[in-house]
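Taking it in order: structure first as structure tokens, then the write-up.
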Amino acid sequence: MKIPQSKIDEISSSLDIVDVISAYTPLRKAGRSFMGRCPFHEEKTPSFSVSQDKGVYHCFGCGKSGNMFTFIMDTENVTFFDAVKLLADKANITIEFENEPYDPDKNKIELYYDINRKAGKYFYDKLMSREGAYAKEYLNERGLKDDTITKFGLGYSPRDKDVLFREFENDFNPEDLQNAGLVLILGAGEIRDRFRGRLMFPIFNETGKVVGFGGRRMYDEATDEAKYVNSPETKIYNKSKTLYGLNFAKGPIKQKGFAILVEGYMDLISLYQNGIENVVASSGTSLTQLHTKILHRYTKEVVVVYDADLAGQNASRRAIEILIENDISVSILELPFGDDPDTYIKKHGLDGFEHLLSNRLSVIDYIAERYESEGRMNSPEGKTDFVREIIGLIAKMRDAIKRDFYVKGISEKFSIYETIIRKELDSVLKLKTRGLTREINQEKPTAPVKEKVTKFSAVELVLIRLLVDSDEKTKERLINELEMDLIKNDTVKKIVNYIMMNIDSPEKLALNQLFNEFQDEEGKSIIGKSLLDENYVMQGGRNRNYMNEANQVLGQLKLTNIRNTIKEIEAKIKSIDSNSPEILEMLNTQQKLRREQMQIENSMKTI
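Here the sequence shown stands for residues 1293 to 1899, where the numbers follow this note's numbering.
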């Protein structure tokens, strides 16, 4: 199926790119654009620019560029097709599809989704068969109802070493099954299932598609195997960006106004079955910065409910820090020691859990309780360590007003002069600022993005800009005089060729259309840098001399080629015998090239 271009254009004109992106990262007006922290890489200084008029974005830090469709593709890890559908739903636009032959090789991502979807059904069917009776009995003993098992798509992987592969080998090739995370291709042609004899938990992305699996060991005698095995990272599964259960929890989180964060699959499923539906889990990995950015789209408040053992306490402390850094209010639901969310709700039910939830602890109270339980609040040294730990967390808060409330709260609660706390906080913030300045200097060299532009030259980027954004005479000159062989980067060559072929069709050269046409990372980066990055405008303002810029571009392309040829000749001269008759011919060629170089340089000065 193909989505008509008219529908893509309708969606683009119906939605504001600032509104679309603001749901993922906060944006602030800055001149004619909007700026924010890039959602694609970690940064402390906003370098992510969104142009409302042009409907595009560009990050000056990592080079990511695109339109609202490519943004959804990258943040949600979906195909262009799915990104269009998601945005069509947001715009309340109905899409009528055009028929197009399906080609699996054209879109491996769709293929991996298909493989994982079918694997999920296969595992579920096995669980419901006689073969999965032991695993099904285990789930029932853990208190899970059949409708819960069905809702979460739980399954069973048989113990045989390659039973899934044999089931799928007629429909999919081994390499695709391996790339989808389901089999391992070993030496001597041996192929083995990744999951064997395990209770299977499908992992869904935000849109409800199966992207991977978590498998729990079912047999005690298999102690040489890990208790849990998770899918590897694939083109459709990124652990750092995937929160287990978010596809079910999105609505409840918005309704309740906060999210509950747990660690394990069973913790989440048990809570959900008992009526706590605004719950997500960071299964398979510790909470990451990207997890919190995803959560930030749905809520500004998170309740952490990790296991009540030492490992859980340490994980809670790390999660608190990451959540605070990302401007999320945090509280902690403290379970009795030895319990986890799964065991607690089974013992005490929904009422017991909601009682703890209503008495959840603030960050200050939670850390104070930890210090008290360790006997560290009985000495001035311990109290000092506690206050400094809290101040360290306050310093991570972006909101100065929130920091002020916390300072006053500590002062009142622990009878410490507010001026002392503020002095200590100022010291921490100054250290943080100095560290940030060093990072900015490292991140942003004098010529921004210069170090990123390793595969294509600045002059090639200016060429693209002139072909799209200059007067008709300049474009005509470039088309007539440009020697395509002088462009060394293949992607630049494809973009330039596309522009020249469509030079009389302005609608095909609109930024939105260019980003739709070139969806690979290098293509998007080149288009973004050339058309959005002011570093590649040779002369700004209304009085721009397009013809002079074109002269410079054509000249620089020729000069680069000549200089490279001269260097090659010099290297060859050094490598051959000094009496060789070839040397005279090479010297003559070199001399001609130098004369040509001088002529080009002079012509570039005079226009």
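Each residue gets a CB set at the ideal place from its N, CA and C atoms; glycine is no exception.
For D1677, the enclosing alpha helix (DSSP H) starts and ends at P1672 to A1687.
Exclusion of the five residues before and after E1773 leaves L1846 as the residues of its chain whose Cβ lies within less than 8 Å of its Cβ. Segment contact: the segment 1584-1603 against the segment 1626-1640, three or more CB-CB distances shorter than 8 Å; contact assigned. Runs of the beta strand (DSSP E) lying entirely within the segment 1294-1373 and spanning at least 3 residues, in chain order: 1320-1322, 1325-1328, 1340-1343, 1348-1351 and 1357-1359.
For the pair G1504 and N1408, the Cα-to-Cα distance works out to about 7 Å. Counting of Cβ neighbours within 10 angstroms places I1771 among the exposed residues, the total staying below 16. Looking from the CA of A1611, the closest CA among T1442, V1655, P1524 and S1562 belongs to V1655.
In the structure shown, the three-state DSSP call for L1474 is coil.
Relative to S1304, the option among G1815, A1802 and L1563 whose CA is nearest is A1802.
Looking at the backbone, the Cα of V1502 and that of P1672 are separated by about 53 Å.
Distance from the CA of L1625 to the CA of M1689, rounded to the nearest whole angstrom, comes to 21 Å.
Rounded to whole angstroms, the separation of the alpha carbons of T1676 and A1541 is 40 Å. In the three-state scheme derived from DSSP, where H, G and I count as helix and E and B as strand, L1446 is classed as coil. For K1437, the number of other beta carbons within 10 angstroms of its own is below 16, and it is reported as exposed.
Proximity of the segment 1354-1363 to the segment 1818-1825 meets the contact definition, three or more beta-carbon pairs being nearer than 8 Å. Taking 8 Å as the cut-off, the beta carbon of L1419 is found closer than this to the beta carbon of L1446. Our two residues, E1664 and F1678, have alpha carbons roughly 10 Å apart in a direct line. A Cβ-Cβ contact shorter than 8 Å links E1368 with T1499. One alpha carbon belongs to A1551, the other to Y1557, and they sit about 16 Å apart. Per DSSP, reduced to three states, the secondary structure at D1381 is helical. Excluding five sequence positions before and after V1594, the CB atoms of its chain that fall closer than 7 Å to its own CB belong to F1550, A1551, L1553, L1587, L1615, I1620 and V1622, given in chain order.
Rounded to whole angstroms, the separation of the alpha carbons of S1343 and I1313 is 11 Å. Inclusion of T1577 and S1608 in the CB contact set at 8 Å is not warranted, their separation being larger than that value. Between V1788 and L1755 the beta-carbon gap is near 7 Å, inside 8 Å, which marks them as a contact. One alpha carbon belongs to L1849, the other to I1387, and they sit about 45 Å apart. Under the DSSP assignment, G1506 falls in the beta strand (DSSP E) whose first and last residues are V1502 to R1509. With contacts defined as CB atoms closer than 8 Å, P1331 and Y1316 qualify as a contacting pair. It is roughly 29 Å from the alpha-carbon of L1851 to the alpha-carbon of C1354.
Taken atom to atom, the span from the alpha-carbon of D1643 to that of R1508 is near 30 Å.
Counting only runs of 3 or more residues that sit fully inside the segment 1841-1878, no beta strand (DSSP E) segment turns up.
Approximately 22 Å separates the beta-carbon atoms of M1510 and Y1564; this is outside 8 Å, ruling out the contact. In its chain, beyond the 5 residues on either side, G1507 have a beta carbon closer than 6 Å to the beta carbon of V1521. When DSSP states are grouped into helix, strand and coil, R1488 belongs to the coil group.
Considering only E1302, V1760 and K1336, the residue with the shortest C-alpha distance to A1842 is V1760. Within the DSSP bridge table, the entry for N1804 names no partner. In the DSSP assignment, I1483 forms a beta bridge with I1477.
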